[in-house]
Every structure is written in C-alpha cells, then in structure tokens.
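**Q** Below you'll find the structure I mean.
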Amino acid sequence: MIGRDLLSMEDLSREDIEKILDTAAHMQEIGQRAVKKVPSLRGRTIVNLFFESSTRTRMSFEIAGKRLSADVINFSASSSSLSKSESIMDTARTVDAMDPDLVVVRHKVAGVPKIIADALSAPVINAGDGAHEHPTQALLDMLTVKQAKGRIAGLTVTIVGDVLHSRVARSNIYGFIKMGAEVRIAAPPTMLPPGIEALGVKAYTSLRQAIEGADVVMMLRIQMERLQGALFPSVREYSETFGLSRTKLRVAKPDCIVMHPGPINRGVELSHELADGGESVILEQVRNGVALRMALLYLFTGRPSKDEEVAALGEETK
Amino acid sequence: MIGRDLLSMEDLSREDIEKILDTAAHMQEIGQRAVKKVPSLRGRTIVNLFFESSTRTRMSFEIAGKRLSADVINFSASSSSLSKSESIMDTARTVDAMDPDLVVVRHKVAGVPKIIADALSAPVINAGDGAHEHPTQALLDMLTVKQAKGRIAGLTVTIVGDVLHSRVARSNIYGFIKMGAEVRIAAPPTMLPPGIEALGVKAYTSLRQAIEGADVVMMLRIQMERLQGALFPSVREYSETFGLSRTKLRVAKPDCIVMHPGPINRGVELSHELADGGESVILEQVRNGVALRMALLYLFTGRPSKDEEVAALGEETK
Amino acid sequence: MIGRDLLSMEDLSREDIEKILDTAAHMQEIGQRAVKKVPSLRGRTIVNLFFESSTRTRMSFEIAGKRLSADVINFSASSSSLSKSESIMDTARTVDAMDPDLVVVRHKVAGVPKIIADALSAPVINAGDGAHEHPTQALLDMLTVKQAKGRIAGLTVTIVGDVLHSRVARSNIYGFIKMGAEVRIAAPPTMLPPGIEALGVKAYTSLRQAIEGADVVMMLRIQMERLQGALFPSVREYSETFGLSRTKLRVAKPDCIVMHPGPINRGVELSHELADGGESVILEQVRNGVALRMALLYLFTGRPSKDEEVAALGEETK
Chain A
2 MIGRDLLSME
12 DLSREDIEKI
22 LDTAAHMQEI
32 GQRAVKKVPS
42 LRGRTIVNLF
52 FESSTRTRMS
62 FEIAGKRLSA
72 DVINFSASSS
82 SLSKSESIMD
92 TARTVDAMDP
102 DLVVVRHKVA
112 GVPKIIADAL
122 SAPVINAGDG
132 AHEHPTQALL
142 DMLTVKQAKG
152 RIAGLTVTIV
162 GDVLHSRVAR
172 SNIYGFIKMG
182 AEVRIAAPPT
192 MLPPGIEALG
202 VKAYTSLRQA
212 IEGADVVMML
222 RIQMERLQGA
232 LFPSVREYSE
242 TFGLSRTKLR
252 VAKPDCIVMH
262 PGPINRGVEL
272 SHELADGGES
282 VILEQVRNGV
292 ALRMALLYLF
302 TGRPSKDEEV
312 AALGEETK
Chain B
2 MIGRDLLSME
12 DLSREDIEKI
22 LDTAAHMQEI
32 GQRAVKKVPS
42 LRGRTIVNLF
52 FESSTRTRMS
62 FEIAGKRLSA
72 DVINFSASSS
82 SLSKSESIMD
92 TARTVDAMDP
102 DLVVVRHKVA
112 GVPKIIADAL
122 SAPVINAGDG
132 AHEHPTQALL
142 DMLTVKQAKG
152 RIAGLTVTIV
162 GDVLHSRVAR
172 SNIYGFIKMG
182 AEVRIAAPPT
192 MLPPGIEALG
202 VKAYTSLRQA
212 IEGADVVMML
222 RIQMERLQGA
232 LFPSVREYSE
242 TFGLSRTKLR
252 VAKPDCIVMH
262 PGPINRGVEL
272 SHELADGGES
282 VILEQVRNGV
292 ALRMALLYLF
302 TGRPSKDEEV
312 AALGEETK
Chain C
2 MIGRDLLSME
12 DLSREDIEKI
22 LDTAAHMQEI
32 GQRAVKKVPS
42 LRGRTIVNLF
52 FESSTRTRMS
62 FEIAGKRLSA
72 DVINFSASSS
82 SLSKSESIMD
92 TARTVDAMDP
102 DLVVVRHKVA
112 GVPKIIADAL
122 SAPVINAGDG
132 AHEHPTQALL
142 DMLTVKQAKG
152 RIAGLTVTIV
162 GDVLHSRVAR
172 SNIYGFIKMG
182 AEVRIAAPPT
192 MLPPGIEALG
202 VKAYTSLRQA
212 IEGADVVMML
222 RIQMERLQGA
232 LFPSVREYSE
242 TFGLSRTKLR
252 VAKPDCIVMH
262 PGPINRGVEL
272 SHELADGGES
282 VILEQVRNGV
292 ALRMALLYLF
302 TGRPSKDEEV
312 AALGEETK
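Read top to bottom, the protein sequences are chains A, B and C.
Under my numbering, the first residue of the first sequence is numbered 2, with each subsequent residue one higher.
Under my numbering, the first residue of the second sequence is numbered 2, with each subsequent residue one higher.
Under my numbering, the first residue of the third sequence is numbered 2, with each subsequent residue one higher.
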C-alpha cells in the first residue's frame with residue numbers, strides 16, 4: 002500500500018495513515034526505554050538533504066535515525082548557492098550515487114522533492130517543500146490528536162492562520178479529512194486559498210465562529226514580514242483578530258487542545274498563557290515527531306531481510 | 002553529592018570535584034586503548050546546544066560522547082537569530098521534548114544554562130555562559146595540574162589576564178581554592194573584578210610579583226578588541242606588561258608549568274617559545290578535556306540500570 | 002610500502018596504487034550488502050578537518066568512515082577566520098591532542114596538509130590543497146577507469162580544462178602516468194602550466210587533437226570567474242572551444258568514457274547530453290569515491306591488532 006516515497010499526504014490512503022500511526026505508537030515505547038536504541042536500521046545510511054535551513058525537523062530526523070541505529074549524514078545547502086535546478090539535480094544524483102538507503106529532502110520550492118524522487122534510486126521523504134506539503138508534520142500532528150482524544154474520526158479540527166502559504170495546513174487538511182475529521186480553517190481573506198472548500202474544509206474569516214465547538218485548534222506560525230501591509234495591516238491587529246488567547250478559546254469544547262508546529266511567535270498567533278497552558282500539546286507534538294519519523298524511516302527504508310525483521314524491534318542486546 | 006546539573010564550580014563540593022577527577026582518570030585509560038570506545042552510554046542521546054560558536058569545546062564533548070557510545074546531536078545557533086529569551090526557552094524545551102539524556106549548553110549570556118536547566122527534564126552541563134562560568138574547562142585544568150604536580154592542595158596557581166571578562170578564570174578560582182591551592186590573579190587594574198579578593202584570591206597588577214614562586218601559571222586568552230583604548234592602551238603594551246615569556250617566567254618555581262585554555266594569541270599573552278616549550282601543558286589540557294568530559298557525561302547522564310553499571314566500563318565486546 | 006600519510010600521488014609507488022585499488026574493490030562489495038557496515042574501524046576516531054568548504058568530498062569521507070564503524074567528527078572552518086599559519090597549526094595540534102586515529106585535511110593553500118602532517122601524531126590524508134594535489138580524487142578516478150576499461154596501462158587519457166589551477170589534473174597526471182597510461186592535456190595557452198611536458202604528458206591547445214583516439218576524456222570544472230578576461234575571453238567562447246559535446250567526442254575511440262570530478266557547469270565544460278549520456282561515468286566516480294575512501298581509511302588508520310584484523314572485513318554480526 003505505502004509507496005516507495007513519502008511526498009504528500011494527498012498520496013496516502015487511510016490504511017497507509019493508520020499503519021504509520023500504529024508503527025509510531027510502537028516506536029514511542031522504544032523512546033521510553035533507558036537504552037533508546039534498536040538495531041532495525043543498522044548499516045543503513047540516511048541522508049538529510051536540506052536545501053532550506055531547519056533545526057527541529059533536521060534534529061528530529063537525525064535522532065529518529067540514530068535510535069534505529071542508522072548512520073545519519075547531514076547535508077545542508079542554502080538555496081541561494083544552488084539556485085539552478087540542474088545544480089539541485091546534480092547534487093541529488095551525487096548523493097544518490099553514495100548509495101543511501103533513504104533521503105530526506107527539504108526545499109523552499111514546491112515540487113522539488115518529487116522531482117528528486119523521480120531521479121533517485123533511494124526512497125525520498127519530503128520534509129517540507131515550499132507552500133506545498135509537509136507530510137511528516139501532519140502525521141505527527143495526527144498522532145498527537147489521536148493519542149490525546151482517542152480517535153480522529155468525528156473530531157472538529159480548526160486550523161488558524163496563513164493557510165495560503167502554509168504547507169503544514171495543506172498536509173493536515175488532506176490528512177484529517179481522510180481520517181474522517183471535520184476540518185475548519187480560519188484566516189484573513191488574503192490568506193485563504195481560493196477554492197479551498199473543494200478540499201472538503203469549511204472556511205471562516207471569523208476566528209470565533211471557526212473555533213466554536215472545536216476539539217482541536219491548530220495555530221499556524223505567521224511569517225512576520227507578511228504582516229506589514231499587503232496581506233494584513235499590522236502585527237498588533239493580527240494578534241487581536243487571529244491570535245489565540247484563553248479567553249477566545251472559551252467557545253471551543255471544554256477539553257479542546259491547542260497545537261502549533263513551532264517555532265511559536267509568542268504574543269502574536271498564540272498567547273503566552275496558552276503556549277504554556279494545560280490545553281497545549283505543543284511539546285507532545287515535538288516528542289511524537291521523533292517516534293513518527295522513526296516509523297517512517299522504518300517503513301520507507303529499503304526493507305530488511307527476514308531474519309533482521311524478526312529481530313529488528315526487539316530490545317537491543319549488548 | 003553531585004547534583005542533577007553541572008552549572009558552576011561554585012556549586013561543586015570538594016568531594017564532587019575529587020569524584021569527577023578520579024572518574025576522568027579512569028576515562029583516560031580508555032583513550033589509550035586501540036578501540037577507544039566503551040558501551041556505557043549506548044542508546045543515550047546527548048545534545049550539544051551551542052548558542053555561541055565553539056570548535057574545541059563542541060568537538061571535545063562530541064568525541065567524549067562517542068567514546069561512551071552515546072548518540073551525539075549538534076545544534077548550533079547564532080545568538081543573533083535567537084535573541085529573545087522566549088525563543089531560547091522554546092528552543093530548549095523543543096530539544097528537551099525529543100527526550101535527550103543530557104544537554105550541553107553554551108551561551109554568550111551569563112545565566113542562560115541555569116534558566117534552561119530549570120525548565121528541562123534532562124540534566125544540563127554548562128559549556129560556558131558569558132563571563133560567568135566555564136566549569137568543564139576548570140575541571141580539565143585541575144585534572145591537568147593534579148597529574149602534572151601530583152596534587153592540588155598547597156600549590157600556588159597564578160591566573161593572568163582579563164580576569165574581569167573571563168569565565169575560565171572565575172571557574173578556576175572557585176575550583177582551585179576549594180581544593181586548597183593558593184590562587185593569585187594578575188591583571189591590569191581595568192581587568193580586575195572589584196572585590197575579587199573576597200573569593201580568597203590575591204590580586205596583583207604586577208605580573209612579576211604574581212608569578213614569583215608559582216607552581217602553575219595560567220594565561221588567559223585576551224580579546225584583541227579589548228586592547229584598543231578603553232581597557233588597555235595597545236596590544237604591544239599588553240604583551241610587554243602581561244604577556245608571558247620564558248625570561249619573565251624565571252621568577253616562578255623552576256618546575257612551573259604554563260597553561261592556556263586556547264586558542265592562543267601567540268606573541269600577545271604568550272610567547273612562541275613558551276607555547277611550544279617543555280613548560281607548556283596546553284596540549285595536555287586539550288587531551289584531558291576529552292577524558293574529563295567523558296567523566297562528566299558518565300556521571301551526569303541519567304544513571305544506567307544496575308546490570309549496565311557493571312558492564313559499562315569494561316572492554317567492549319564485539 | 003604505503004607511508005604514514007597520503008599527501009600526494011607523486012609520493013605513491015605503482016605498488017601502493019595497486020594495493021589501494023585492490024582494497025577499494027573489496028570495499029565496493031560491502032557497499033552492495035543490505036547492511037553496509039563492517040566493524041573494521043570500531044572505536045577509531047576520524048576527524049574531517051576542512052578549512053575549505055566542501056560537500057561531496059566531506060560526505061564521501063563521512064559515509065566511508067561510518068561504513069567502517071569509525072566515529073567521524075566534522076570540523077569546518079572558513080580559511081578567512083584562520084588565516085595565519087600559526088592558527089592553523091594550533092588548530093591542528095588541538096585536534097591531534099584529542100587523539101584521533103586519522104585526520105582528513107582540506108585547505109585552499111597548497112602544502113598545508115604536509116605541514117600539518119609533519120606536526121601531528123595521527124596520519125593525515127590530503128583531501129585537496131590549493132592547486133597542488135587531490136590524491137583521493139585521482140585514485141577514485143583511476144578505480145573508475147580500471148573497472149570501466151579492465152586496465153589502465155596503455156590507455157589514452159585526455160584531461161581538458163584549466164590544468165594550471167587544477168589539483169585534480171595534477172594528481173591524475175601523476176597517477177595515470179605511473180600506471181602506464183598515455184596522458185594528454187588540452188587547455189587554452191593561459192591555462193597550461195609551463196613545462197608541464199616534463200611530467201611526461203602531451204600538451205595540446207586543440208581539443209580535437211587531444212581527444213582524437215582517446216579512451217578516456219576527463220573534463221575539469223572551470224571556475225566561472227576565470228572566464229572574464231585575463232585567462233579567457235568569455236564563457237561562451239570557452240564552451241565553444243574547450244567544452245565537450247557528443248559531436249566533438251566523435252574523434253575519440255567509439256567506447257570512450259567521459260569523466261568529471263563535479264560539480265558540473267552544465268553547458269560550459271560539458272553538454273547536458275554528455276553529462277547524462279551513456280558515455281558518462283560521472284556517477285560511478287562518486288560511487289567509487291566512497292569505496293576508495295573506505296580503502297584509504299582502512300589502510301592509513303593506525304593498524305588494528307591481529308585479532309581485529311582477522312575479524313575486520315567479515316560480515317558484521319549482531
């Protein structure tokens with residue numbers, strides 16, 4: 002079912018998502034051991050090919066790979082010095098020629114991971130491409146919601162912020178709708194993708210209406226430079242109309258959880274009290290990110306032989 | 002005895018210091034094997050969270066961690082892009098949510114490792130915070146002195162240079178005084194912390210008087226930009242009055258050793274002949290740094306289970 | 002036979018080269034296993050000391066080291082911040098004091114790896130020094146040619162481009178001549194090193210004459226800033242006179258292979274169709290680079306004890 006590459010949530014079936022989330026739950030158990038390491042991917046090489054700078058996502062993949070005993074190689078390049086697509090492709094092919102077992106790609110241009118995946122022998126995981134998709138973020142978000150709420154189907158999930166430019170929003174919309182949640186988005190009109198309702202979401206320009214009765218509110222990080230006129234008048238006005246505070250959250254369900262992919266602009270899209278409050282599962286998202294990426298590396302890396310498969314998830318012996 | 006975090010030499014008791022130095026001596030033995038690796042921290046994750054750039058300290062911790070079989074993850078961030086304390090804390094909490102077993106923190110602002118340690122689940126080791134403390138440097142310096150001289154108590158240790166801005170000086174003052182050494186400092190009046198004698202040191206503005214009869218002379222690295230007027234007239238004059246040469250060293254004990262935390266400004270605080278001479282233990286300090294940090298990672302990382310403890314320092318079996 | 006350090010192809014004997022290429026062929030076999038890892042260098046520390054930025058060479062050494070189970074530590078420094086030779090030497094001595102088993106050095110100034118090697122305890126491999134030598138590139142090129150053609154002796158190898166500034170060209174000239182190939186170089190007069198024929202090569206200023214009847218054509222990467230007047234009139238004219246296309250290649254042997262050390266300036270020194278064509282062994286060069294560097298790390302790292310030697314190249318046991 003699960004394909005060779007993980008490029009988008011749009012590509013995944015409901016069964017794929019369930020398998021990934023179930024595998025991630027197993028991986029969480031490894032993270033609670035004293036020795037947080039299993040030999041599943043011993044002798045495998047994973048390359049983090051990040052053309053766009055990233056800290057948390059790169060670290061999360063690196064820790065995930067090392068907990069599976071893979072060798073993790075980091076490659077970082079500013080997009081500026083590799084601006085021509087030929088150079089990107091030559092870089093990717095060069096990496097591929099070193100025989101990695103899996104390549105994680107991030108690029109500021111939508112579609113680049115797909116182009117790279119088509120050219121490489123190794124499977125590719127998209128770690129974020131422009132405003133297109135960020136499937137590993139969506140999957141860890143879904144894992145977090147499933148564990149906080151016990152289910153995904155039937156929940157009301159509200160995504161708030163600059164949906165137009167957000168790969169996190171796009172991937173989560175695909176994922177949560179596939180799993181049977183009701184997805185609402187709330188954004189200023191200039192940040193609402195035209196025709197977004199065709200994906201099955203309900204679009205609001207009123208934060209209050211969007212979060213009324215919600216089980217989950219996911220706040221998006223706003224790029225501060227987008228709050229200087231063309232898309233929105235000011236930071237202060239954004240914070241007042243689309244920033245979330247505990248007071249505003251009262252119209253949601255009493256046990257509503259608050260999510261954010263990080264890093265947070267505190268006091269802009271999210272108040273301090275909420276970022277650190279009991280409603281927040283933001284650090285759970287980060288924690289689940291490692292387990293989720295362990296699951297993805299395990300499922301997408303070239304399959305181990307039968308003998309290895311049996312031993313792979315057992316406690317490591319010394 | 003030893004606490005959860007290692008933030009300052011001020012916090013350590015004499016017994017703590019002795020235990021750390023003894024453990025480091027064991028670790029030195031591992032460094033002399035052909036296979037310089039033991040499984041003590043296998044499956045543990047250590048994060049180097051460096052908000053200030055560093056080469057030798059980061060490498061030293063990385064090598065130390067790998068020799069104990071830990072997974073070491075490097076995180077580097079310029080302080081500029083993370084200037085608000087909220088961002089630093091969110092970064093630290095994000096790292097913590099990935100369940101590291103220990104976090105090594107360096108920051109240009111004094112006190113940041115303490116603030117981070119208070120917020121994290123993982124133990125924190127301070128790898129240098131502003132002009133406050135650099136306890137791992139002081140401990141490796143003490144290990145070096147102890148092995149060169151056979152003891153610390155009763156020795157005369159002179160620290161020379163910009164004591165006011167030096168976290169290395171501050172940590173060494175606390176450490177050597179605790180272990181019973183006589184500590185002298187020598188600096189231009191503008192680089193002497195007011196009231197420093199309250200710590201139990203003797204302060205001099207004459208290099209000659211400060212090193213007369215000394216067993217150990219520790220030269221501090223001078224920031225060249227501090228030798229342009231406000232604190233000191235010129236590089237040349239600093240070198241002549243507070244730079245150390247073999248001639249000037251003649252008033253110290255005949256077997257006096259010369260130390261420097263590196264990197265050296267050759268010809269400024271230390272002459273070429275002394276940097277490379279038989280008096281210098283500077284490369285011993287670097288070598289001991291790895292063993293000392295192995296000891297700290299071993300002692301401060303979440304304790305292994307009993308079975309592991311027995312096996313942990315044995316020769317690695319294949 | 003093989004010395005302590007690998008600094009230049011000029012130093013290697015024919016027997017050394019044969020031994021290295023034979024060992025690399027063994028290493029290629031490891032790269033084809035599902036578990037691409039052997040315990041040969043377990044517990045050894047390899048430091049990549051790169052004073053000049055590099056991606057593919059650093060990654061190739063890092064992957065090679067990890068496949069041999071070594072701990073690989075990356076040290077990158079811009080040459081600018083370490084411009085004085087004292088600083089470079091102090092940095093190198095500091096690294097050496099951390100007891101690495103091997104140090105890989107790249108520097109933009111010719112001769113620096115040699116100076117460093119003379120000062121260090123650990124063996125040094127030159128990963129490129131200025132316009133001097135790049136022996137590991139030459140060795141992987143020779144491995145590629147040997148496997149593509151079944152032999153090196155008697156082949157005609159043409160190297161095209163800015164030979165004057167190319168460490169790749171220099172190392173390949175030494176290597177291929179030693180192994181009995183006929184080496185020709187083709188370059189504009191301003192890019193031909195004076196007296197180069199003394200090395201035993203034939204120099205041409207006509208691309209056509211140089212590749213007529215060639216078995217191998219190796220295109221060098223041209224620095225675009227060198228095509229702005231002083232050395233050559235323009236990029237377009239360089240591409241027309243010294244760039245290689247399939248049409249121009251027709252005068253070579255029918256089974257002539259095309260090589261390039263990367264990264265390619267597509268459309269400048271090499272046409273798109275050739276870069277991606279069946280004549281190109283460019284990705285084979287990258288792939289062989291990992292195996293070749295595994296061989297070098299294995300041969301130059303402080304020799305394992307006898308017991309370890311027996312086990313070292315066996316399949317890893319869990």
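For glycine and all other residues, C-beta sits at the position ideal for the given N, C-alpha and C.
(1) Using 8 Å for Cβ pairs, my map puts ILE197 of chain B next to THR159 of chain B. What's the rounded Cβ distance?
(2) According to DSSP, is ALA204 of chain C helix, strand or coil?
(3) Which residues, taken in chain order from the region 51 to 77 of chain C, show a beta carbon closer than 7 Å to some beta carbon of chain A?
(4) State yes or no: is the beta carbon of ASP91 of chain B nearer than 7 Å to at least one beta carbon in chain A?
(5) Which residues of chain C have a Cβ atom closer than 7 Å to the Cβ of LYS147 of chain B, listed in chain order?
(6) Just the Cα atoms here: how many angstroms apart are ASP277 of chain C and PRO255 of chain C?
(7) Considering only residues of the same chain and omitting the five flanking positions on each side of ILE259 of chain A, which have a CB-CB separation below 6 Å?
(8) Would you mind working out which of C:ALA111, C:GLY151 and C:THR145 sits nearest HIS135 of chain C, comparing C-alpha positions?
(9) Starting from the C-beta of SER55 of chain B, find all residues in its chain whose C-beta is less than 8 Å away, skip the five residues before and the five after it, and write them out in chain order.
(10) Would DSSP call HIS108 of chain C helix, strand or coil?
(11) In whole angstroms, what separates the C-alpha of ALA215 of chain C from that of ALA120 of chain C?
(12) Between which two residues does the alpha helix (DSSP H) containing PHE62 of chain C stretch?
(13) Measure from the C-beta of ALA199 of chain C to each C-beta in chain B and report whether the shortest distance is under 7 Å.
(14) At a Cβ cut of 8 Å, what residues of the region 38 to 50 of chain B count as close to chain C, listed as they run along the chain?
(15) Please report the Cβ distance between VAL36 of chain B and GLY44 of chain C, rounded to the nearest whole angstrom; I am assuming they are in contact, meaning their Cβ atoms lie under 8 Å.
(16) If contact means a Cβ-Cβ distance below 7 Å, which residues of the region 283 to 299 of chain A contact chain B?
(17) Buried or exposed for LEU189 of chain C, please, with buried defined as at least 16 other CB atoms from any protein chain shown within 10 angstroms of its CB.
(18) Between ALA25 of chain C and ARG294 of chain A, what straight-line distance do the alpha-carbon atoms span, to the nearest angstrom?
(19) If you draw a straight line from the C-alpha of LYS85 of chain C to the C-alpha of ILE74 of chain B, how long is it?
(20) Please return the same chain residues whose Cβ sits closer than 7 Å to the Cβ of ARG59 of chain B, not counting the five positions on each side in sequence.
(21) Which residues in chain C sit within 7 Å of THR95 of chain A, going by Cβ to Cβ distance?
(22) Just tell me which of A:GLY263, A:VAL125, A:LEU221 and A:THR145 has its CA closest to the CA of TYR299 of chain A.
(23) With 9 Å as the limit, tell me which residues of the region 197 to 224 of chain B have their beta carbon closer than that to any beta carbon of chain A; keep them in chain order.
(24) Could you compute how far the alpha carbon of GLY244 of chain B sits from the alpha carbon of ARG94 of chain C?
(25) Tell me which residues share the same chain as GLN33 of chain C and place their Cβ nearer than 6 Å to its Cβ, disregarding the 5 neighbours each side in the sequence.
(26) Using a Cβ cut-off of 7 Å (strictly closer), state whether LYS115 of chain C contacts chain B.
(27) Rounded to a whole number of angstroms, what is the C-alpha to C-alpha distance between GLU285 of chain C and ARG57 of chain C?
(28) Quick one: is MET225 of chain A buried, meaning 16 or more other Cβ sit within 10 Å of its Cβ, or exposed?
(29) What does the alpha-carbon distance come out to for the pair ARG15 of chain C and MET180 of chain C?
(30) Determine whether the beta carbon atoms of ARG168 of chain B and HIS133 of chain B lie at a separation below 7 Å.
(31) Mind checking which residues open and close the beta strand (DSSP E) that includes THR248 of chain C?
(32) For ALA120 of chain B and chain A, any beta-carbon pair shorter than 7 Å?
(33) At which residue ranges does the region 140 to 213 of chain A contain complete alpha helix (DSSP H) runs of 4 or more residues, listed in the order of the chain?
(34) How is ILE25 of chain B classed by DSSP in three states: helix, strand or coil?
(35) How about LEU228 of chain A and TYR239 of chain A: do their beta carbons lie closer than 7 Å?
(36) For LEU165 of chain C, which residues from the same chain have a beta carbon less than 6 Å from its beta carbon, with the 5 sequence-adjacent residues on both sides left out?
**A** On the basis of the supplied data:
(1) Working through the second sequence from its first residue, we reach residue 197 of chain B at position 196. Working through the second sequence from its first residue, we reach residue 159 of chain B at position 158. That belief does not hold up - the Cβ atoms of ILE197 of chain B and THR159 of chain B are roughly 14 Å apart, past 8 Å.
(2) Within the third sequence, numbered from 1, the residue matching residue 204 of chain C stands at position 203. ALA204 of chain C falls in the strand class under three-state DSSP.
(3) THR56, ARG57, MET60, SER61, GLU63, ILE64 and LYS67
(4) Locating residue 91 of chain B in the second sequence gives position 90, where the first residue counts as 1. Closer than 7 Å to some Cβ of chain A, the Cβ of ASP91 of chain B qualifies, so yes.
(5) Counted from its first residue, the second sequence places residue 147 of chain B at position 146. Correct list: empty, because the minimum Cβ distance to chain C is about 18 Å.
(6) Sequence index remark: in the third sequence, residue 277 of chain C carries index 276 (1-based). Sequence index remark: in the third sequence, residue 255 of chain C carries index 254 (1-based). Whole-angstrom Cα-Cα distance: 17 Å.
(7) In the first sequence, the residue the question calls residue 259 of chain A occupies position 258. Looking at the sequence shown, residue 259 of chain A is not Ile but Val. The answer, listed in chain order, is VAL218, LEU275, GLU280 and SER281.
(8) The residue you call residue 135 of chain C lines up with position 134 of the third sequence. When only C-alpha atoms are compared, the closest one is C:ALA111.
(9) As a first step, residue 55 of chain B must be located in the second sequence, where it is residue number 54. These residues qualify, in order along the chain: ARG107, ALA128 and GLY129.
(10) Locating residue 108 of chain C in the third sequence gives position 107, counting from the first residue. In this structure, HIS108 of chain C counts as strand in the three-state DSSP scheme.
(11) One-based indexing of the third sequence puts residue 215 of chain C at position 214. One-based indexing of the third sequence puts residue 120 of chain C at position 119. Approximately 43 Å, taken between the alpha carbons.
(12) The residue labelled residue 62 of chain C in the question sits at position 61 within the third sequence. Segment 57 to 68, the alpha helix (DSSP H) holding PHE62 of chain C.
(13) Position 198 of the third sequence, counting from 1, holds the residue named residue 199 of chain C. Not an interface residue.
(14) LYS38
(15) Counting from one through the second sequence, the residue named residue 36 of chain B turns up at place 35. Counting from one through the third sequence, the residue named residue 44 of chain C turns up at place 43. The Cβ separation is near 3 Å, so the contact holds.
(16) LEU284, VAL287, ARG288 and VAL291
(17) Start at 1 with the first residue of the third sequence, and residue 189 of chain C comes out as number 188. Note on identity: in this sequence residue 189 of chain C is Pro, with Leu being the wrong assignment. Buried is the call here.
(18) Working through the third sequence from its first residue, we reach residue 25 of chain C at position 24. Working through the first sequence from its first residue, we reach residue 294 of chain A at position 293. Cα to Cα, the separation comes out at about 34 Å.
(19) To locate residue 85 of chain C, count along the third sequence from 1; it is residue 84. To locate residue 74 of chain B, count along the second sequence from 1; it is residue 73. With a pLDDT of only 48 at LYS85 of chain C, under the threshold of 50, the placement of this residue in the model should not be trusted, and no figure is reported.
(20) Here residue 59 of chain B corresponds to residue number 58 of the second sequence, with the count starting at 1. The residues are ASN49, PHE51 and ASN75.
(21) The residue you call residue 95 of chain A lines up with position 94 of the first sequence. Near THR95 of chain A (Cβ distances below 7 Å), the residues of chain C are ARG57, GLY263 and VAL287.
(22) The residue given as residue 299 of chain A occupies position 298 in the first sequence. Cα-wise, what sits closest to TYR299 of chain A is A:VAL125.
(23) none
(24) Here residue 244 of chain B corresponds to residue number 243 of the second sequence, with the count starting at 1. Here residue 94 of chain C corresponds to residue number 93 of the third sequence, with the count starting at 1. Rounded to the nearest angstrom, the two C-alpha atoms are 22 Å apart.
(25) Taking the third sequence and counting its residues from 1, one reaches residue 33 of chain C at position 32. Taken in chain order, the list of residues that qualify is empty.
(26) On the third sequence, residue 115 of chain C is found 114 positions in, with the first residue counted as 1. Not one chain B Cβ lies under 7 Å of LYS115 of chain C.
(27) Indexing the third sequence from 1 puts residue 285 of chain C at position 284. Indexing the third sequence from 1 puts residue 57 of chain C at position 56. C-alpha separation (whole angstroms): 14 Å.
(28) Residue 225 of chain A sits at position 224 when you count from the first residue of the first sequence. Label assigned to MET225 of chain A: exposed.
(29) The sequence position of residue 15 of chain C within the third sequence is 14, counting from 1. The sequence position of residue 180 of chain C within the third sequence is 179, counting from 1. The alpha-carbon atoms of ARG15 of chain C and MET180 of chain C are separated by roughly 6 Å.
(30) Indexing the second sequence from 1 puts residue 168 of chain B at position 167. Indexing the second sequence from 1 puts residue 133 of chain B at position 132. The answer is yes: Cβ separation under 7 Å.
(31) As a working note, residue 248 of chain C is residue 247 in the third sequence. Taken as a continuous stretch (DSSP letters only), THR248 of chain C belongs to no beta strand (DSSP E), being part of the alpha helix (DSSP H) at 247 to 250.
(32) As a working note, residue 120 of chain B is residue 119 in the second sequence. No, no contact with chain A.
(33) 168 to 179 and 208 to 212
(34) Reading the second sequence from its first residue, position 24 is the one you call residue 25 of chain B. The question names Ile, but residue 25 of chain B is Ala in the sequence shown. ALA25 of chain B: helix per DSSP, three-state reduction.
(35) Walking along the first sequence from the start, residue 228 of chain A turns up at place 227. Walking along the first sequence from the start, residue 239 of chain A turns up at place 238. Their beta carbons are under 7 Å apart, which means LEU228 of chain A touches TYR239 of chain A by this criterion.
(36) Numbered from its first residue, the third sequence carries residue 165 of chain C at position 164. So the qualifying residues of the chain are MET192 and PRO194.
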